[in-house]
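A quick write-up on the structure given underneath.
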Amino acid sequence: MQLVFDSLTGNVRRLVGRVARQVGGVAVLDLRRDMPEGDFLLLTYTFHRGAVPDSTRAFLARHSHRLLGVVASGSYHWGEHFARAADRIAEEYHVPVVAKVNKSGTDADVARIARWVQNRQQLSSPFPLPPFPEDPWNPGSN
Ligand SMILES: Cc1cc2nc3c(=O)[nH]c(=O)nc-3n(C[C@H](O)[C@H](O)[C@H](O)COP(=O)(O)O)c2cc1C
Numbered sequence: 083m084q085l086v087f088d089s090l091t092g093n094v095r096r097l098v099g100r101v102a103r104q105v106g107g108v109a110v111l112d113l114r115r116d117m118p119e120g121d122f123l124l125l126t127y128t129f130h131r132g133a134v135p136d137s138t139r140a141f142l143a144r145h146s147h148r149l150l151g152v153v154a155s156g157s158y159h160w161g162e163h164f165a166r167a168a169d170r171i172a173e174e175y176h177v178p179v180v181a182k183v184n185k186s187g188t189d190a191d192v193a194r195i196a197r198w199v200q201n202r203q204q205l206s207s208p209f210p211l212p213p214f215p216e217d218p219w220n221p222g223s224n
């Protein structure tokens, strides 16, 4: 699995770097520059009252068949629109919301996303291990 990200001001870029360090050995791709070569987790941000950024939309129009799940960053400042890009993408492409994070996320967010990636990697391994415990995402877990 690969980690594909979109970032305008750097928060998602920082988040994906921390997740990759925690998981170890996972490729990180910038969707504005790179092409995915397999299944991926998408990490993106939220723009203009809950919207999915155009760059992310354009990427998904071509590569959504490899999308496994979505993480969206946002800002609590946006209230009901907080990180809504995750909900929109999850609904449209029928994938799970792995996390919604404020800015570049907390240590708990990073651990949660890393655990999800490790579990998915195990599922596609020829020697699967029992999954790490995983709780459904909820807004109170940060
Ligand atoms: C013009 C503008 C609109 C935004 N709209 C939203 C929004 O509707 N909902 C939200 O949760 N965050 C919103 N944000 C906050 C960003 O999603 C947040 O800062 C995110 O971490 C940016 O990620 P990046 O630094 O990787 O680009 C907005 C930020 C800007 C500058």
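Using my numbering, the letters of the sequence shown correspond one by one to residues 83 to 224. Every residue gets a Cβ at the ideal spot worked out from N, C-alpha and C, and that includes glycine.
Asked                                                                                                                            : Found
Tell me whether LEU205 is buried or exposed, calling it buried when 16 or more other Cβ atoms sit within 10 Å of its Cβ.         : exposed
Helix, strand or coil for SER137, going by three-state DSSP, please let me know.                                                 : helix
So for GLY156, helix, strand or coil by DSSP?                                                                                    : strand
CA-CA distance, ILE171 and PHE209?                                                                                               : 31 Å
Return the first residue and the last residue of the beta strand (DSSP E) that ALA181 is part of.                                : 179 to 184
Taking the continuous alpha helix (DSSP H) assigned at VAL192, which residues delimit it?                                        : 189 to 205
Mark ARG115 as exposed unless 16 or more other C-beta atoms lie within 10 angstroms of its C-beta, in which case mark it buried. : exposed
At a cut-off of 7 Å, is GLY99 close to ligand 1 when judged by its beta-carbon and the heavy atoms of the ligand?                : no
What would DSSP say about ALA172, mapped onto helix, strand or coil?                                                             : helix
Measuring alpha carbon to alpha carbon, tell me which of TRP160, ALA102 and SER146 ends up nearest LYS182.                       : TRP160
For VAL115, is the beta carbon positioned less than 7 Å from some heavy atom of ligand 1?                                        : The residue asked about is misnamed: residue 115 is Arg in this sequence, not Val. It does not: the Cβ of ARG115 is nowhere closer than 7 Å to a heavy atom of ligand 1.
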